[in-house]
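Engineer:
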Amino acid sequence: MSFAFGIGIGTQNNQGEWLEVFYQQPVMTPDNTLMDVISNALDYKGGNQAISATAEQLSQLANALRQIGQTGQASLADKAAASKRPVVVTVLETDDTASSTPEVYLKLHLISHRMAKPHGLKLDGIFGLLPNLAWTSEGAIDLNELSDRQLQARLEGRTLEVKSVDKFPQMTDYVVPKGVRIADTARVRLGAYVGEGTTVMHEGFINFNAGTEGTSMIEGRISAGVMVGKGSDLGGGCSTMGTLSGGGNIIIAVGENCLIGANAGIGIPLGDRCKVEAGLYITAGTKVALLDDNNELVEVIKARDLANQTDLLFRRNSQTGAVECKTNKSAIELNEELHANN
């Protein structure tokens, strides 16, 4: 059984190089019958491949898919056969390191479609396969071709709006998961996993290969590689340190029913029901004073030694400035009305 499959509609530059690909209905672990159809229709011989498909091949593929009961994929292949944009059929036999832009986009789609979770796919080396593009009101444009496209738009009485210049597009141009609220869609990248019930407010941000399990309020930053558990609240301006921004090899995560206060931050993984006081940033090497129930000092340790521990309250002593940690006796409960997505 293969790893993944998708029929994609993409964009190429003037040299025929892939810039981006949209997969409406990616498939995780396609069965052998589906793979046999793909092999016969597209002369697929195995391995990980991004196959540029002609209209004739797509029509043949659609007919074969209908015969095995794959009506959804058949309909997509029929529509792709009439596409004015280039079509690619991407087959991943294994979850090996990607070797093409269409392969990377398929993996990012799998995460945003909630078919795979962060850290569940091999994403090493993807930056070299993702071109830095102008994301515009007319789609992705090669930066070397942008000036000519802007001039052409002006000559035709239009204005070409450049929304961002980046390797990653915003997720909602490709995938809008069920049951979420996203106040500023530009702040959630393709490849983010946004669990059902999640609310992302205007200042919230979710990077690729990161996300939420669901019913979370996100007003801070979820960096690459970070997963936030159900019922947790990231306050305004807070930060989670990802491995791309100095976190080293430590995988940062936030457990269930946690609260990271406004302008706070973490560089260690939190267990369930933890709270970090507003304005307090905890790195792995932060010296933390452990207090007992009587607020007496037990010992001073590094924050990394408290990684993944549950029911902790981190705070800063307003008189001494010392970072302190106590058992958090009150679980954080989010306002259910804030997470009403229906």
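In terms of full-length UniProt numbering, the sequence shown is residues 1 to 342.
The beta-carbon is built from N, C-alpha and C at its ideal position, and this holds for glycine as well.
#1: Drop a sphere of 10 angstroms on the beta-carbon of residue 1, count the other beta-carbons inside from all chains shown, and report buried for 16 or more, exposed for fewer.
#2: So does the region 212 to 221 actually touch the region 61 to 76, counting three or more Cβ pairs closer than 8 angstroms?
#3: Using 8 angstroms for Cβ pairs, my map puts residue 204 next to residue 220. What's the rounded Cβ distance?
#4: When you compare each of 208, 33 and 4 to residue 49 by their alpha carbons, which one comes out closest?
#5: Go to residue 223, then tell me how far its alpha helix (DSSP H) extends in each direction, as first and last residue.
#6: Sort out for me which residues DSSP pairs residue 80 with in a bridge.
#7: If I follow the unbroken beta strand (DSSP E) through residue 299, where does it start and stop?
#8: Within the region 13 to 91, note down every full alpha helix (DSSP H) run reaching 4 residues or more, in order along the chain.
#9: In this structure, does DSSP put residue 105 in helix, strand or coil?
#10: Comparing C-alpha positions only, which one of 33, 9 and 310 sits nearest to residue 55?
#11: Go ahead and pull the three-state DSSP assignment for residue 324.
#12: Taking the alpha-carbon positions, what's the residue 202 to residue 226 distance?
#13: Buried or exposed, going by whether 16 or more other CB atoms sit within 10 Å of the CB of residue 347?
#14: Residues bridged to residue 133 by DSSP?
#15: With burial defined as no fewer than 16 other Cβ atoms inside 10 Å of the residue's Cβ, what is the status of residue 229: buried or exposed?
#16: Taking only three categories from DSSP, how would you classify residue 3?
#17: With distances taken between CB atoms, is the gap from residue 259 to residue 275 smaller than 8 angstroms?
#18: For residue 320, is the classification buried or exposed, using 16 other Cβ atoms within 10 angstroms of its Cβ as the cut-off for buried?
#19: Return helix, strand or coil for residue 110, following the three-state DSSP convention.
#20: Residues in the same chain with beta-carbon distance under 7 angstroms from residue 160, minus the five sequence neighbours each way, listed in chain order, please.
#21: Taking buried to mean at least 16 other C-beta atoms within 10 Å of its own C-beta, is residue 270 buried or exposed?
#22: Within the same chain, show all residues whose beta-carbon is closer than 6 angstroms to that of residue 326, passing over the 5 residues directly before and after it, in chain order.
#23: Is it buried or exposed for residue 299, if we count other Cβ within 10 angstroms and need 16 for buried?
#24: By Cβ distance below 6 angstroms, which residues in the same chain neighbour residue 344 in space, the five residues on each side in sequence not counted?
#25: Rounding to the nearest angstrom, what Cα-Cα distance links residue 145 and residue 15 in this structure?
#26: What's the C-alpha gap between residue 17 and residue 43?
#27: Looking only at C-alpha atoms, which of 190, 115 and 237 sits nearest to residue 130?
#28: So, is residue 272 buried or exposed, given that buried needs 16 or more other C-beta atoms within 10 angstroms?
#29: For residue 95, which three-state DSSP category applies?
#30: Excluding the 5 residues flanking residue 12 on each side, which residues of the same chain have their C-beta closer than 8 angstroms to its C-beta?
#31: Thinking C-alpha only, which one of 223, 186, 23 and 183 is nearest residue 250?
#32: May I ask you to verify whether the region 84 to 104 touches the region 114 to 130, counting CB pairs closer than 8 angstroms and requiring at least 3?
#33: Using the Cβ count rule (16 or more neighbours within 10 Å means buried), how would you classify residue 198?
#34: Could you say which of 324, 310, 293 and 267 lies nearest to residue 343 if we only look at CA atoms?
Structural biologist: The answer reads as follows:
#1: exposed
#2: no
#3: 6 angstroms
#4: 4
#5: No alpha helix (DSSP H) contains residue 223, which DSSP labels as neither H nor E.
#6: Residue 80 is not bridged to any residue.
#7: 297 to 302
#8: 32 to 42, 55 to 67 and 71 to 81
#9: helix
#10: 9
#11: strand
#12: 19 angstroms
#13: No information on residue 347 is available, as it lies outside the stretch 1 to 342 that the chain covers here.
#14: 142 and 166
#15: buried
#16: coil
#17: yes
#18: exposed
#19: helix
#20: 136, 137, 138, 149, 150 and 153
#21: buried
#22: 291 and 313
#23: exposed
#24: For the chain, the structure presents residues 1 to 342; residue 344 sits outside this window and is missing.
#25: 11 angstroms
#26: 22 angstroms
#27: 190
#28: buried
#29: coil
#30: 18, 19 and 86
#31: 223
#32: yes
#33: buried
#34: For residue 343 there is no data in the structure shown, the boundaries of the chain being 1 and 342.
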